[in-house]
Structures are given as structure tokens and as C-alpha cells.
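In this note's numbering, the protein residues as written are 34 to 179. Step one of this worksheet: look at the structure below.
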């Protein structure tokens, strides 16, 4: 089974940096600069590792973070598995383009199409944002809001 996990607000607590984007003008640089201080959300990370242990599952990460932050994001994902003493062989990470300023649900809908092209067939998604949860459910992919 292919299972999608969102990153910000789902696997990592972003409460310490969310204030950068809650008012206008949004300070995306400040928001993203704080990523290295994110703390893992333990329960969701345990769920992720549990899903990954089943070799019939393929884990896909889908985030609204843009490609400028790929390296930091990969390190954070690897850190989850290192903390749980669980090896991870491959990381399928889908991210927004560097100059893509569309809404998360629009970006993730297009990333979903790319996943399908790449041979994935996601059946379950874990996501924190209501508008994105609604998008997943509207296209027939069962999404759990966390």
C-alpha cells in the first residue's frame, strides 16, 4: 500500500515558527529558516516507522515546502528513522517547485498526479491542513487529519 505523509504540522511541530506566516505580509524566509529547530511529533513518527516496517507499504512524503529546502527535509526524515533505530532505504519526497506560490491543495493535487505518473497509487494520506485534507478526500484518496 502506498501511504503519504505530510511534513510540516504532521511529522514536525512548527508551532515555534508558524507566526511568520499568520499575518500579512507573510515572512516565508523566517518560516523556513526555523525548520532546523522543528521537533518531531512523536506519535506520528511512530506511526510512520510502523507503516515503513511493513515491506508491502511504500511511504511517500508530500510537502508544501519548496525544492530549496530538499536537503534539510531529507535530513529531518532520515532523523526520524535514526531516532527509532529503523533503517530507510529510499525516500520518495515530492515538493513544490522553487517559484511555485500556489495554495497547498493545488500544489499537492499536482504532486499527486506526478506520483501516479511515477507508479505510485496512494490509498491513505496523513495531513494536518483542512483544505488539503478536503482535496485528498475529494479525489478519492482517504485522508486522515492529524
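All C-beta atoms in this analysis are idealised placements derived from N, C-alpha and C, irrespective of residue type, glycine included.
Per DSSP, the beta bridge partners of residue 125 are 93.
Counting the other CB atoms within 10 Å of its CB gives residue 133 a total below 16, which places it among the exposed residues. In this structure, the straight-line span from the alpha carbon of residue 90 to that of residue 96 is close to 19 Å. With the rule of 3 Cβ pairs closer than 8 Å, the region 111-122 does not count as touching the region 134-151. In the three-state scheme derived from DSSP, where H, G and I count as helix and E and B as strand, residue 109 is classed as helix. Per the coordinates, the alpha-carbon of residue 77 lies some 7 Å from the alpha-carbon of residue 43. Looking at 64, 72 and 154, the one whose alpha-carbon comes closest to that of residue 98 is 64.
Excluding the 5 residues flanking it on each side, residue 49 has same chain C-beta neighbours closer than 7 Å at 67 and 70, in chain order. Looking at the DSSP output, residue 158 bridges to 37 and 176. If you draw a 10 Å sphere on the C-beta of residue 61, you find fewer than 16 other C-beta atoms in it, and that means exposed.
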